[in-house]
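Trainee: Residue numbers (the numbering used here): 885 to 1197.
If you scroll down you'll find the structure; I have some questions about it.
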Ligand SMILES: NC(=O)c1ccc[n+]([C@@H]2O[C@H](COP(=O)([O-])OP(=O)(O)OC[C@H]3O[C@@H](n4cnc5c(N)ncnc54)[C@H](OP(=O)(O)O)[C@@H]3O)[C@@H](O)[C@H]2O)c1
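If you want it as structure tokens, here you go:
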């Protein structure tokens, strides 16, 4: 069935937070939500780029989008951003955990974690945990962006950073598997606690954004950029098309927790946003529980579901 932005219900009165909204899928997602009436917070690390994005999106928006400065590679920045947001709003309806980096050279986050796992997964784990009171306030949808490459991810939940030699694409695939394990485990935990949170996931297939251009292609020089450009022309969909699975995941009424959206076409590279199936590894309950426990220890963020002991694991 054809599904496009015209199918997005009116978002008036809803508050949305989109991470990584300076470009690509995040910018497109924030734009759709803002044009459909939501009050959108652009959760971005660079205030200048975020302000430029806000200005660009303001034209068609009911409320001009606001900037929430947050560096997902810095857990202190994540905690501070959540605190600032709690001073401005009393609830959040939609959180889109979209920001990401791909196949970057080895680096560590401010807190010492491998940068792709630290940014793509741990930063979002911490952000979601810190925002939990706002998400629980009226009930919320949490969307986490994964990738087809999660299928190549190998992840030990007890040691998700891995101890072998660093391979940029393997580390990316691992971080995207972590995104999906997190999204599905968050939904199970919300259900177990009777919490009004629906956690879902999405992937864009292959979309022409800055992701490859700012990472691996740039390092490969002019040839790398040329090959990436050709690949995008032949295989990729637009950033707007790539954003549709997460836009649908964020806005379609009645979506069941744990649903995963992606493009309908061959190898899920492009096409209509439809329900797709996570890999077997992404559905592994033991791996998900171990990753959750590691993420709590690593980030120091324990999800407070508001149950008897207040810690709610
Ligand atoms: N494009 C694809 O084909 C594809 C395929 C599969 C999955 N994905 C996923 O889609 C998501 C969005 O990527 P994209 O393709 O739209 O790429 P993009 O255009 O490069 O956008 C990535 C966004 O993440 C932000 N970001 C990076 N590190 C951050 C940090 N430490 N703190 C806060 N924000 C940070 C970037 O901000 P700056 O402007 O500051 O750099 C940018 O806004 C990612 O999770 C990616 O893994 C994309």
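C-beta: ideal position from N, C-alpha, C; glycine also.
1. Applying the criterion that 16 or more other CB atoms from any shown protein chain within 10 Å of the CB defines a buried residue, is residue 1051 buried or exposed?
2. Do the stretch 1145-1156 and the stretch 925-945 meet, that is, are 3 or more Cβ pairs less than 8 Å apart?
3. Using the beta-carbon count (16 or more within 10 Å), is residue 1008 buried or exposed?
4. Going by DSSP in three states, residue 1025 sits in which element: helix, strand or coil?
5. Quick check: the Cα distance between residue 967 and residue 1114, rounded to an integer number of angstroms?
6. Could I get the ranges of all uninterrupted alpha helix (DSSP H) runs contained in the stretch 1089-1149, with 4 residues as the minimum, in chain order?
7. Could you tell me which of 1074, 1068, 1031 sits nearest to residue 1053, measuring between CA atoms?
8. How about the stretch 1074-1089 and the stretch 1036-1048: do they share at least three Cβ pairs that are nearer than 8 Å?
9. Residue 998 to residue 1139, Cα distance in whole Å?
10. Check the C-beta distance from residue 951 over to residue 926 and give it rounded, since I have them as a contact under 8 Å.
11. May I ask you to list the residues that DSSP assigns as paired with residue 901?
12. Kindly indicate which three-state DSSP category residue 1031 falls into: helix, strand or coil?
13. Going by DSSP, what residues sit across from residue 1081 in a beta bridge?
14. Which of the three DSSP states, helix, strand or coil, is assigned to residue 1185?
15. So, with DSSP's three-state summary, where would you put residue 950?
16. According to DSSP, is residue 1158 part of a helix, a strand, or is it coil?
17. Is the stretch 912-923 touching the stretch 1116-1131 in the sense that three or more CB pairs, one from each, lie closer than 8 Å?
18. Output needed for residue 1197: all residues of its chain with C-beta closer than 6 Å, excluding positions within five of it in sequence on either side, in chain order.
19. Can you tell me where the alpha helix (DSSP H) holding residue 990 begins and where it ends?
Mentor: Based on what the coordinates show:
1. exposed
2. no
3. buried
4. Look at residue 1025 here: in three-state DSSP terms it is strand.
5. Computed Cα separation, rounded: 44 Å.
6. Restricted to the stretch 1089-1149, the alpha helix (DSSP H) segments that are unbroken, complete and at least 4 residues in length are 1094-1098, 1100-1103, 1105-1119, 1123-1135, listed in chain order.
7. 1031
8. no
9. 33 Å
10. 5 Å
11. 925, 979
12. coil
13. According to DSSP, which records beta bridges pairwise, residue 1081 is partnered with 1024.
14. Of the three classes helix, strand and coil, the one that applies to residue 1185 here is coil, per DSSP.
15. The three-state secondary structure of residue 950, taken from DSSP, is strand.
16. strand
17. yes
18. Reliability fails at residue 1197, whose pLDDT of 39 lies under 50, so the model's placement of it is uncertain and the value that follows must be treated cautiously. Excluding positions up to five away in sequence, the list is empty.
19. From DSSP, residue 990 is part of no alpha helix (DSSP H); its letter is neither H nor E.
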